[in-house]
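At the far end of the sequence shown sits residue 118, using numbering that gives the first Met the number 0, and the numbering has no gaps.
C-beta atoms are modelled at their ideal positions from N, C-alpha and C, and glycine is treated no differently.
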Amino acid sequence: MSDLNITHSLSSDGTLLEVSLAGRLAIDTAPDLLALLRAQLPLVSKTKLNVAALTDVDLSGMQLICSACRTAQENGNSFNFSGGLAPCVQEAITAVGLQRHTTCKHNTNNPCLWCGGLN
0 MSDLNITHSL SSDGTLLEVS LAGRLAIDTA PDLLALLRAQ LPLVSKTKLN VAALTDVDLS
60 GMQLICSACR TAQENGNSFN FSGGLAPCVQ EAITAVGLQR HTTCKHNTNN PCLWCGGLN
């Protein structure tokens, strides 16, 4: 049994994917989220990811979210957080130095998703 609980829904018109994560997003649980995103991202124009209930996130989890954001951007779609960021996510952002509010070349040089940038 995974330490990561993933719930998702599609809007009635099929354009918005909403994904909520609870538990631990780490190297051993990230494949579950990867499978969902690989299947759904090509089908929607907007994705909202709720990470407020995460209890732990490691670098592989952060990289997966970054990659999903980049993939959405490359396809002209939006990818963003909904809800607040869990304390563990805020701590991870600080630990890897993203709190500097850097821009992202994959996000039209707007602030990075991790730094509050909107896509």
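Asked, Found
"Per DSSP, which one or two residues make a beta bridge with residue 19?", "6, 49"
"Return the CA-CA distance between residue 2 and residue 57, expressed in angstroms with no decimal places.", "13 angstroms"
"Starting from residue 66 and walking both ways along the alpha helix (DSSP H), at which residues does that stretch end?", "58 to 73"
"By DSSP, does residue 24 sit in helix, in strand, or in coil?", "strand"
"Within 10 angstroms of the Cβ of residue 119, are there 16 or more other Cβ atoms? Answer buried if so, exposed if not.", "Residue 119 is absent from the model: the chain starts at 0 and stops at 118."
"Quick check on residue 102: does DSSP put it in helix, strand or coil?", "strand"
"Hey, how far is the Cα of residue 10 from the Cα of residue 44?", "11 angstroms"
"Where does residue 92 land, buried or exposed, given buried means 16+ other C-beta within 10 angstroms?", "buried"
"Taking the alpha helix (DSSP H) that residue 166 falls in, what are its first and last residues?", "Here the chain comprises residues numbered 0 to 118, so residue 166 is not present and cannot be evaluated."
"According to the neighbour-count rule (16 or more other Cβ atoms, all chains shown, within 10 Å of its Cβ), is residue 60 buried or exposed?", "buried"
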